[in-house]
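Engineer: If you scroll down you'll find the structure; I have some questions about it.
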């Protein structure tokens, strides 16, 4: 069947469409488009058509100004489909759209170092391994741990001696045998203390000599390294001039690397010698203090013996010595534990995981010497992540700590994650003109992994209390921005109100003056009311 129809024309007449046989689909679409345009034009004409004049217009009359009131007929009001809303003071929000990437929290990365200079015996994990808190990750050995173990053994022997001495004195006190024996014991302790001082002094001198020898070795290795560095630099220059062969340069480079390793080894020996000297000095000081105490006890025993009276303080002194020995033992045990070892383990100690996490880097191997300033392993808590967002210049003033954002990612297209901006960097990244912000995730459930790209959407509060209307609600009347307010009790009648505009945010525009909170305005299809007003103004 051939298509036909009618289009409403100005004045109420109709125009019949010609019958077109065999219309192609493309021509049919063009015809439908023209039909829609014609209907829209007729609707605007119908609303804005001039009313019938009761008197003919006089020639040469100036154009009248637009009235303050415009009235639409019930039919025009129905066709226009206007929407009227009550305005109120409300926060003005600027929509934000940012892009970023999931990263590890800085505090979630844990480097693991040896507490002392040590040699790696075994590495028990590889990058990517999941570990639990307390799991042994590496085994090391150290001379410093060995010395701590020896101190512990000595403290244990001293405690056993103090315990036996206390028991012996208690037995002697029961028998009333404190006179000359007490003096002899004091003298014996003095002799023993003097012997300990001599031994400690000998150990101290030996440690000094060992340190001097280690330092001399280090200086020699450093000189050798410097000479090889100079020779290598000269050979590389001569190689450029083709005065030496590549083989000669490679040989010098290998010697240079060996010299570097020799320097590092000598540096470690110097550190060990210094630690041994410090330990020997500490033992010497302890022996000297013990000698002073023994001298005082011997002098007191002499006075007691000369005065000829007995005292139960001998037992009290033994009890005090026993308590001191207990403290020394606990201190030696704590020193071992601080080094990562325990009593009875000798010179080896373990490196354990402080958290549940994942091994991301292994920086040492078996046989390598490690120092406290260089990490052996690096762990990360893979569940502790945040999002690094890029803020471009236009959005920088509006992204502040506390801003809530919603995150989406291609990995989970049906999921929306929530995050809160925690930190905004004080300056832009070099060469990028963007500022970094970091948002902390809430209830991500471990789904977001470091390296994932995300999109973030949020809204920043620009003003706390403003009146804003849709941009469509503001129309130009005689070159001035205006809105239309419905007149109460008169359906289809609207009052024109001139307003002062503020900034535009999204699809809203701020009304600085001209509207009060609680008033009602046309917010949709206000252009049709403006068209009707223009038609009324030309009557």
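In the working numbering, the protein residues as written are 1032 to 1570.
Beta carbons: idealized from backbone N, C-alpha and C, even for Gly.
1. Starting from the N-terminal side, write out each stretch of the beta strand (DSSP E) that is 3 residues or longer and does not extend beyond the segment 1302 to 1358.
2. Helix, strand or coil: which one does DSSP assign to residue 1017?
3. What would DSSP say about residue 1199, mapped onto helix, strand or coil?
4. Just reading off the beta strand (DSSP E) that residue 1493 is part of, what are its end residues?
5. Give the DSSP bridge partners of residue 1408, in chain order.
6. Use the C-beta contact count for residue 1100: other C-beta atoms within 10 angstroms, 16 or more gives buried, fewer gives exposed.
7. Look at the alpha carbon of residue 1393 and the alpha carbon of residue 1438, and state the distance between them as a whole number of angstroms.
8. What are the boundary residues of the alpha helix (DSSP H) that residue 1384 is part of?
9. Out of 1455, 1469 and 1486, which has the shortest C-alpha to C-alpha gap to residue 1448?
10. Less than 6 Å between C-beta atoms, sequence neighbours within five positions excluded: which residues of the same chain meet that for residue 1066?
11. Could you say which of 1413, 1489 and 1519 lies nearest to residue 1139 if we only look at CA atoms?
12. In the DSSP output, what is residue 1161 paired with across the bridge?
13. Can you say whether residue 1525 is buried or exposed, counting buried as having 16 or more other CB atoms within 10 angstroms of its CB?
14. Leaving out five residues before and five after residue 1360 in sequence, what residues of the same chain have Cβ atoms less than 8 Å from its Cβ?
15. Using the beta-carbon count (16 or more within 10 Å), is residue 1192 buried or exposed?
16. Is the beta carbon of residue 1386 sitting closer than 8 Å to the one on residue 1219?
17. Straight-line CA distance for residue 1545 to residue 1530?
18. So, for residue 1329: in the same chain, excluding its five sequence neighbours on each side, which residues have a beta-carbon less than 7 Å away from its beta-carbon?
19. How many Å lie between residue 1561 and residue 1495 at the Cα?
20. By the 10 Å Cβ neighbour count, where 16 or more other Cβ atoms means buried, how is residue 1178 classified, buried or exposed?
21. Using a Cβ distance threshold of 8 Å, determine whether the segment 1159 to 1173 contacts the segment 1447 to 1463, with at least three qualifying pairs required.
22. Within 10 angstroms of its Cβ, does residue 1506 collect 16 or more other Cβ (buried), or is it exposed?
23. Would you say the segment 1347 to 1356 touches the segment 1243 to 1257, given that touching needs at least three Cβ pairs under 8 Å?
24. Taking the continuous alpha helix (DSSP H) assigned at residue 1463, which residues delimit it?
25. Kindly indicate which three-state DSSP category residue 1131 falls into: helix, strand or coil?
26. Taking 8 Å as the cut-off, decide whether the C-beta atoms of residue 1143 and residue 1408 are in contact.
27. Roughly how far, in whole angstroms, is the beta-carbon of residue 1499 from the beta-carbon of residue 1123, given that I think they are within contact range, below 8 Å?
28. Would you check if the distance between the CB atom of residue 1422 and the CB atom of residue 1416 is smaller than 8 Å?
29. Could you tell me whether the Cβ atoms of residue 1555 and residue 1114 are closer together than 8 Å?
30. What separation, rounded to the nearest whole angstrom, lies between the Cα atoms of residue 1214 and residue 1235?
31. Answer yes if the segment 1150 to 1160 comes into contact with the segment 1513 to 1520, meaning at least three C-beta pairs across the two stretches below 8 Å, and no otherwise.
32. Looking only at C-alpha atoms, which of 1197, 1145, 1263 and 1489 sits nearest to residue 1368?
33. Taking 8 Å as the threshold (C-beta atoms), are residue 1470 and residue 1427 in contact?
34. Quick one: using the 10 Å Cβ neighbour count with 16 as the cut-off for buried, is residue 1290 buried or exposed?
35. Strictly by DSSP, which residues pair up with residue 1435?
36. Less than 8 Å separating the beta-carbons of residue 1231 and residue 1305?
Structural biologist: According to the data block:
1. none
2. This structure leaves residue 1017 out entirely; the chain is present only between 1032 and 1570.
3. The residue given as residue 1199 occupies position 168 in the chain shown. Residue state, collapsed to three classes: helix.
4. Reading the chain shown from its first residue, position 462 is the one you call residue 1493. Counting along the chain, the beta strand (DSSP E) containing residue 1493 begins and ends at 1484 to 1501.
5. Position 377 of the chain shown, counted from the start, is the residue given in the question as residue 1408. Note: residue 1408 sits in a beta bridge opposite 1143 and 1393.
6. The residue you call residue 1100 lines up with position 69 of the chain shown. Residue 1100 should be labelled exposed.
7. Indexing the chain shown from 1 puts residue 1393 at position 362. Indexing the chain shown from 1 puts residue 1438 at position 407. One C-alpha to the other measures close to 33 Å.
8. Position 353 of the chain shown, counting from 1, holds the residue named residue 1384. From DSSP, residue 1384 is part of no alpha helix (DSSP H); its letter is neither H nor E.
9. Numbered from its first residue, the chain shown carries residue 1448 at position 417. With distances taken between Cα atoms, residue 1448 lies closest to 1486.
10. As a first step, residue 1066 is located in the chain shown; it is residue number 35 there, counting from the start. Low confidence applies to residue 1066: its pLDDT is 40, below 50, so where it sits in the model is not reliable enough to give any reading.
11. Within the chain shown, residue 1139 is the residue found at index 108, counting from 1. When only C-alpha atoms are compared, the closest one is 1413.
12. Here residue 1161 corresponds to residue number 130 of the chain shown, with the count starting at 1. Its beta-bridge partners are 1389.
13. Numbered from 1 along the chain shown, position 494 holds the residue referred to as residue 1525. When all chains shown are included, residue 1525 counts as buried.
14. The residue you call residue 1360 lines up with position 329 of the chain shown. 1183, 1186, 1187, 1189 and 1190, listed in sequence order.
15. What you label residue 1192 is simply residue 161 of the chain shown in a count that begins at 1. Exposed, since its Cβ has fewer than 16 Cβ neighbours within 10 Å.
16. Mapped onto the chain shown, residue 1386 falls at position 355. Mapped onto the chain shown, residue 1219 falls at position 188. No, the Cβ-Cβ distance between residue 1386 and residue 1219 is not below 8 Å.
17. Position 514 of the chain shown, counted from the start, is the residue given in the question as residue 1545. Position 499 of the chain shown, counted from the start, is the residue given in the question as residue 1530. Between residue 1545 and residue 1530, the C-alpha separation is close to 4 Å.
18. The residue labelled residue 1329 in the question sits at position 298 within the chain shown. Closer than 7 Å at Cβ, skipping near neighbours: 1217, 1218 and 1221.
19. Within the chain shown, residue 1561 is the residue found at index 530, counting from 1. Within the chain shown, residue 1495 is the residue found at index 464, counting from 1. Each residue's alpha carbon lies about 31 Å from the other.
20. What you label residue 1178 is simply residue 147 of the chain shown in a count that begins at 1. The residue is buried, with at least 16 neighbouring Cβ atoms inside 10 Å.
21. no
22. By one-based count along the chain shown, residue 1506 stands at place 475. The residue is buried, with at least 16 neighbouring Cβ atoms inside 10 Å.
23. no
24. As a working note, residue 1463 is residue 432 in the chain shown. Per DSSP, residue 1463 belongs to no alpha helix (DSSP H) and is neither H nor E.
25. For the purposes of this step, residue 1131 is taken as the residue at position 100 of the chain shown. Correct three-state label for residue 1131: strand.
26. Along the chain shown, one-based indexing puts residue 1143 at 112. Along the chain shown, one-based indexing puts residue 1408 at 377. Cβ distance < 8 Å, so residue 1143 and residue 1408 count as in contact.
27. Position 468 of the chain shown, counting from 1, holds the residue named residue 1499. Position 92 of the chain shown, counting from 1, holds the residue named residue 1123. Contact holds; Cβ gap of about 6 Å.
28. Locating residue 1422 in the chain shown gives position 391, where the first residue counts as 1. Locating residue 1416 in the chain shown gives position 385, where the first residue counts as 1. Going by C-beta atoms, residue 1422 is not nearer than 8 Å to residue 1416.
29. As a working mapping, residue 1555 is identified with position 524 in the chain shown. As a working mapping, residue 1114 is identified with position 83 in the chain shown. A contact, by the Cβ cut-off of 8 Å.
30. Here residue 1214 corresponds to residue number 183 of the chain shown, with the count starting at 1. Here residue 1235 corresponds to residue number 204 of the chain shown, with the count starting at 1. Cα to Cα, the separation comes out at about 31 Å.
31. no
32. Here residue 1368 refers to the residue found at position 337 when the chain shown is read from its first residue. With distances taken between Cα atoms, residue 1368 lies closest to 1145.
33. Walking along the chain shown from the start, residue 1427 turns up at place 396. Walking along the chain shown from the start, residue 1470 turns up at place 439. No, these two residues do not count as a Cβ contact at 8 Å.
34. In the chain shown, residue 1290 corresponds to position 259, counting from 1. Buried, by the Cβ-count rule.
35. Along the chain shown, read from residue 1 onward, the residue named residue 1435 stands at position 404. 1451, per the DSSP bridge assignment.
36. Within the chain shown, the letter at position 200 stands for residue 1231. Within the chain shown, the letter at position 274 stands for residue 1305. Their beta carbons are not under 8 Å apart, which means residue 1231 does not touch residue 1305 by this criterion.
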